[in-house]
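Participant: Here's a structure for you.
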Amino acid sequence: MPANAPDMAESSIPSELPTSIPSLEESTQNILPQITLNPSIDESNEIHDSDRCIAPKYSQRSNKGVPKKQYEPNPKAKIKYPISNHVSFHRLSRLYAFTVNQLSTVSIPSNVHDALAYPKWTKTTNEEMEALQKNATWELAPLPEGKRIIGCKWVFTVKLKADDNIDRYKARLVAKGYTQKFGLDYQENFAPITKINTIHILISIAANRDWPLQQFDVKNTFLNGDLEEEVYMDLPPGVNYSSSCRTEVCRLKKSLYRLKQSPRAWFERFSSTMKAFGYKQSNSDHTLFIKHKEGKVTTLIVYVDDMVVTGDDSCEIKALQEYLATKFEMKDLGQLKYFLGIEVARSKRGVFLSQQKYVLDLLTETGMLACKPAETPIEMNHNLGIFPDQTPTDRGRYQRLVGRLIYLSHTRPDLAYAVSVVSQFMHAPSEQHMNVVYRILRYLKNAPGKGLLF
16 MPANAPDMAE SSIPSELPTS IPSLEESTQN ILPQITLNPS IDESNEIHDS
66 DRCIAPKYSQ RSNKGVPKKQ YEPNPKAKIK YPISNHVSFH RLSRLYAFTV
116 NQLSTVSIPS NVHDALAYPK WTKTTNEEME ALQKNATWEL APLPEGKRII
166 GCKWVFTVKL KADDNIDRYK ARLVAKGYTQ KFGLDYQENF APITKINTIH
216 ILISIAANRD WPLQQFDVKN TFLNGDLEEE VYMDLPPGVN YSSSCRTEVC
266 RLKKSLYRLK QSPRAWFERF SSTMKAFGYK QSNSDHTLFI KHKEGKVTTL
316 IVYVDDMVVT GDDSCEIKAL QEYLATKFEM KDLGQLKYFL GIEVARSKRG
366 VFLSQQKYVL DLLTETGMLA CKPAETPIEM NHNLGIFPDQ TPTDRGRYQR
416 LVGRLIYLSH TRPDLAYAVS VVSQFMHAPS EQHMNVVYRI LRYLKNAPGK
466 GLLF
């Protein structure tokens with residue numbers, strides 16, 4: 016049942032958020048000799064530094080690299096219902112409140128041009144390009160006649176350290192796999208997806224038996240799988256190859272994120288690695304691996320490149336970590352704090368799951384951060400349905416909002432009924448249905464930090 020965040024144990028934290036950022040010169044080192052700069056819009060301002068591979072599109076600003084403030088009300092604006100009245104950290108430990116604040120202050124760019132305006136994102140983009148080149152992910156070649164080409168884009172996120180500070184700003188070059196056609200670009204694409212119910216069960220067992228929850232991360236996950244099919248991709252955005260290469264495309268030699276066949280190639284290698292170390296794959300959830308040894312049990316669950324390990328055999332957990340490090344480029348993220356957009360807090364009372372950042376970002380994107388909160392997610396005795404004279408609304412926006420609410424209901428069971436109602440009208444939504452979705456958003460503002468306590 017829904018619960019507010021429990022009291023966390025007090026811990027010491029830095030007195031202020033880290034403000035140091037790498038210099039522009041350090042963040043744009045030469046990593047791809049065959050790639051030239053992305054030229055500026057102003058031809059007269061062309062950059063001739065051959066040591067840079069990806070350059071910012073816009074000129075530097077005085078506040079460059081400083082994350083914009085989110086969720087805080089403007090003191091000059093007259094806001095009747097400020098979000099600060101509904102967001103509280105008084106029941107959190109200083110350390111966990113610091114983690115939540117770190118996540119809230121990070122502005123994640125939505126495209127490569129916005130990212131290149133910040134040195135940190137420019138640096139991580141260069142590092143990703145270096146990894147792709149080092150792994151020989153593709154080779155430049157002319158597009159054969161009759162072959163299709165797929166696009167690609169950059170996706171950005173952040174990773175936390177074991178001490179809850181921001182570990183790194185992460186950039187990924189992903190393929191637009193949704194443009195691939197079955198039978199033409201790929202033949203088989205099966206890959207299991209972690210069930211949220213399995214995650215809930217594991218966390219519940221760990222909380223009741225006082226097991227540790229350790230989190231690992233695999234760097235460049237899908238680059239570990241070989242690609243059997245012949246796939247051609249556009250040149251990565253944000254970089255400009257030499258004039259002789261602009262007519263060529265990337266012929267993929269290794270799997271890339273979001274290709275239809277990438278999850279299959281990666282998971283086949285990972286599952287065979289786990290089985291070779293004595294782990295058995297669960298029949299109810301194929302992403303769950305279990306090992307029994309001398310009356311003790313160790314479990315691992317994997318979701319793409321994020322792994323959570325728990326159990327009562329500390330020696331086996333350590334051995335598993337060392338074994339996987341010999342097979343993949345691994346990183347120990349410490350105790351589980353942030354997984355699949357879910358914030359995890361642990362205390363003597365149990366393990367608390369919430370999606371406060373997810374809720375605040377959703378309210379910000381929809382422009383409802385200053386809306387009047389609602390006490391209930393849906394009206395009683397509602398009369399929702401499909402009528403001949405209904406006024407249609409933007410179906411794409413409606414489907415996106417309902418989809419995000421469905422994911423949010425994994426830690427907010429109080430939304431289950433309301434979300435199930437609005438999900439019935441995805442094919443033909445009306446303004447009346449959209450108003451119900453907005454009411455759910457207003458209800459979320461009333462208590463964005465609610466969640467599950469195990």
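Residue numbers (this note's numbering): 16 to 469. Built from N, CA and C at the ideal position, the CB exists for glycine as well.
Would you identify the three-state DSSP class for residue 386, choosing helix, strand or coil?
Facilitator: Here residue 386 is taken as the residue at index 371 of the sequence shown, counted from 1. In the structure shown, residue 386 sits in coil (DSSP, three-state: anything other than H, G, I, E or B).
Participant: Any idea if residue 451 is buried or exposed, counting beta-carbon neighbours within 10 angstroms, 16 or more meaning buried?
Facilitator: Within the sequence shown, residue 451 is the residue found at index 436, counting from 1. Looking at its Cβ environment, which holds 16 or more other Cβ atoms inside 10 Å, residue 451 is buried.
Participant: The beta strand (DSSP E) that contains residue 345, what's its start and end?
Facilitator: Here residue 345 refers to the residue found at position 330 of the sequence shown. Where residue 345 is concerned, the enclosing beta strand (DSSP E) stretches over 345-350.
Participant: Does the pairing of the region 297-304 with the region 312-322 give three or more beta-carbon distances under 8 Å?
Facilitator: The region 297-304, when compared against the region 312-322, does touch it at the 8 Å Cβ threshold.
Participant: Name the DSSP bridge partner or partners of residue 326?
Facilitator: The count along the sequence shown starts at 1 and reaches residue 326 at position 311. According to DSSP, residue 326 bridges with 313.
Participant: Can the beta-carbon of residue 424 be found closer than 8 Å to that of residue 430?
Facilitator: As a working mapping, residue 424 is identified with position 409 in the sequence shown. As a working mapping, residue 430 is identified with position 415 in the sequence shown. Going by C-beta atoms, residue 424 is nearer than 8 Å to residue 430.
Participant: Could you give the residue range of the alpha helix (DSSP H) that holds residue 156?
Facilitator: Against the sequence shown, residue 156 aligns to sequence position 141. That residue, residue 156, is in no alpha helix (DSSP H); its beta strand (DSSP E) goes 153-156.
Participant: Closest to residue 338 by C-alpha separation, out of 221, 279, 436, 293, would be which residue?
Facilitator: Taking the sequence shown and counting its residues from 1, one reaches residue 338 at position 323. The shortest C-alpha separation from residue 338 is found at 293.
Participant: Please name the residue, chosen from 211, 351, 308, 123, that lies closest to residue 426 on a Cα-to-Cα basis.
Facilitator: Indexing the sequence shown from 1 puts residue 426 at position 411. Considering only alpha carbons, the answer is 211.
Participant: Taking the continuous beta strand (DSSP E) assigned at residue 433, which residues delimit it?
Facilitator: Locating residue 433 in the sequence shown gives position 418, counting from the first residue. Looking at the DSSP string, residue 433 is not in any beta strand (DSSP E); the run it does join, the alpha helix (DSSP H), is 431-437.
Participant: Go ahead and label residue 412 buried or exposed: buried means 16 or more other beta carbons lie within 10 angstroms of its beta carbon, across all protein chains shown.
Facilitator: Here the question's residue 412 lines up with position 397 in the sequence shown. Per the 10 Å Cβ criterion, exposed.
Participant: Once DSSP output is grouped into helix, strand and coil, what is the label at residue 321?
Facilitator: Working through the sequence shown from its first residue, we reach residue 321 at position 306. In the structure shown, residue 321 sits in a strand (DSSP, three-state: E or B).
Participant: Measure the alpha-carbon distance for residue 230 versus residue 164 and round it to whole angstroms.
Facilitator: Within the sequence shown, numbered from 1, the residue matching residue 230 stands at position 215. Within the sequence shown, numbered from 1, the residue matching residue 164 stands at position 149. Near 37 Å, if we compare the C-alpha coordinates of residue 164 and residue 230.
Participant: Beta strand (DSSP E) containing residue 369: first to last residue?
Facilitator: Position 354 of the sequence shown, counted from the start, is the residue given in the question as residue 369. Its beta strand (DSSP E) spans residues 365-369.
Participant: Does the count of Cβ pairs from the region 459-468 and the region 368-379 closer than 8 Å reach three?
Facilitator: The region 459-468 vs the region 368-379: in contact.
Participant: Counting Cβ pairs, one atom from each stretch, are 3 or more of them under 8 Å apart for the region 369-387 and the region 400-411?
Facilitator: Segments in contact, no.
Participant: Please go through the same chain and pick out, in chain order, the residues whose beta-carbon is closer than 8 Å to the beta-carbon of residue 161, but skip the five residues on each side of it.
Facilitator: As a working note, residue 161 is residue 146 in the sequence shown. Contacts found: none.
Participant: If I measure Cβ to Cβ from residue 416 and keep anything under 6 Å in the same chain, skipping five residues before and after, which residues do I get?
Facilitator: Numbered from 1 along the sequence shown, position 401 holds the residue referred to as residue 416. Contacts found: 452.
Participant: Does the beta-carbon distance from residue 273 to residue 186 come in below 8 Å?
Facilitator: Position 258 of the sequence shown, counted from the start, is the residue given in the question as residue 273. Position 171 of the sequence shown, counted from the start, is the residue given in the question as residue 186. Cβ atoms of residue 273 and residue 186: not closer than 8 Å.
Participant: What does a CB cutoff of less than 7 Å around residue 308 pick up in its chain, not counting 5 residues either side in sequence?
Facilitator: The residue you call residue 308 lines up with position 293 of the sequence shown. Counting only Cβ-Cβ distances below 7 Å, and skipping sequence neighbours, we find 328, 331.
Participant: Nearest-angstrom Cα distance between residue 247 and residue 192?
Facilitator: Position 232 of the sequence shown, counting from 1, holds the residue named residue 247. Position 177 of the sequence shown, counting from 1, holds the residue named residue 192. Residue 247 and residue 192: Cα-Cα distance of roughly 12 Å.
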